Amino acid sequence: EAGVTQFPSHSVIEKGQTVTLRCDPISGHDNLYWYRRVMGKEIKFLLHFVKESKQDESGMPNNRFLAERTGGTYSTLKVQPAELEDSGVYFCASSQLGGADNSPLHFGNGTRLTVT
Amino acid sequence: GNSVTQMEGPVTLSEEAFLTINCTYTATGYPSLFWYVQYPGEGLQLLLKATKADDKGSNKGFEATYRKETTSFHLEKGSVQVSDSAVYFCALRVGANNLFFGTGTRLTVIP
Chain A
1 EAGVTQFPSH SVIEKGQTVT LRCDPISGHD NLYWYRRVMG KEIKFLLHFV KESKQDESGM
61 PNNRFLAERT GGTYSTLKVQ PAELEDSGVY FCASSQLGGA DNSPLHFGNG TRLTVT
Chain B
1 GNSVTQMEGP VTLSEEAFLT INCTYTATGY PSLFWYVQYP GEGLQLLLKA TKADDKGSNK
61 GFEATYRKET TSFHLEKGSV QVSDSAVYFC ALRVGANNLF FGTGTRLTVI P
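Set out below in structure tokens:
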């Protein structure tokens with residue numbers, strides 16, 4: 001079974017530019033999560049999709065961030081325009097629908113975003 | 001609210017030394033507790049978990065016991081190896097909600 005894949009693995013952009021991160025969850029996983037780790041700090045929740053619907057987007061920092069999951073398969077996270085404080089590692093995770101113990105989160109390798 | 005506090009790193013140990021990484025939590029409700037590990041160049045992997053008080057999670061020689069009275073879930077290993085060098089994250093989850101992570105502790109094991 002293929003794991004959660006994220007693209008790109010690294011991205012370096014200038015302040016003010018736009019970047020789009022992509023996540024392909026494990027096939028059949030309806031839950032999809034985005035997390036972010038800013039250097040040296042905790043991994044913070046951004047948002048949660050169930051299929052194509054946003055279940056919880058309380059962690060999205062501001063309206064420069066836009067997440068989509070058209071068709072309930074892969075998801076994109078767009079940052080526009082990027083700011084310096086957006087630098088960090090963006091993780092995607094997926095899980096099957098079901099109770100907490102029965103649906104462990106599977107994480108991708110993350111996308112390291114550097115805004116200069 | 002829900003939060004996790006874990007030991008600041010980095011931690012550097014010699015091979016075969018004993019490891020403890022402290023983790024305490026606050027939670028609304030009854031959380032499940034987790035330790036995730038991120039090896040260099042890889043994604044987060046679940047290392048072990050415990051779903052109720054007094055449960056002990058274990059994997060790859062690592063152990064952690066869910067202590068409700070001290071709201072702790074400290075990670076231990078009796079004899080670390082160079083291959084254990086990684087960043088370790090303590091996390092909690094209440095119900096089917098998302099995970100709350102600590103800041104991570106970088107462990108370096110030297111031969």
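Listed in order, the protein sequences are those of chains A and B. Sequential numbering from 1 applies to the first sequence in the numbering used here. Sequential numbering from 1 applies to the second sequence in the numbering used here. Each residue gets a CB set at the ideal place from its N, CA and C atoms; glycine is no exception. Note that the structure is predicted; figures quoted are calculated from it, not measured.
- The secondary-structure analysis by DSSP pairs A/SER9 with nothing; it has no beta-bridge partner.
- The Cβ of B/GLU15 sits no closer than 7 Å to any Cβ of chain A.
- Under DSSP, B/GLN45 takes part in a beta bridge, and its partners are B/VAL37.
- Residue B/LEU33 holds the alpha-carbon nearest to the alpha-carbon of B/ALA91 among B/GLY29, B/LEU33, B/THR20.
- One Cα belongs to B/GLN45, the other to B/THR24, and the distance between them is close to 20 Å.
- Residue range 75-77 is occupied by the beta strand (DSSP E) that includes B/GLU76.
- Less than 7 Å divides the Cβ of A/VAL50 from the Cβ of A/ASN31.
- Taking 9 Å as the Cβ-Cβ cut-off, the region 85-101 of chain B approaches chain A at PHE89, ALA91, ARG93, VAL94, GLY95, ALA96, ASN97, ASN98, LEU99, PHE100, PHE101, given in chain order.
- Beta-bridge partners of A/HIS48 (DSSP): A/TYR33, A/ASP56.
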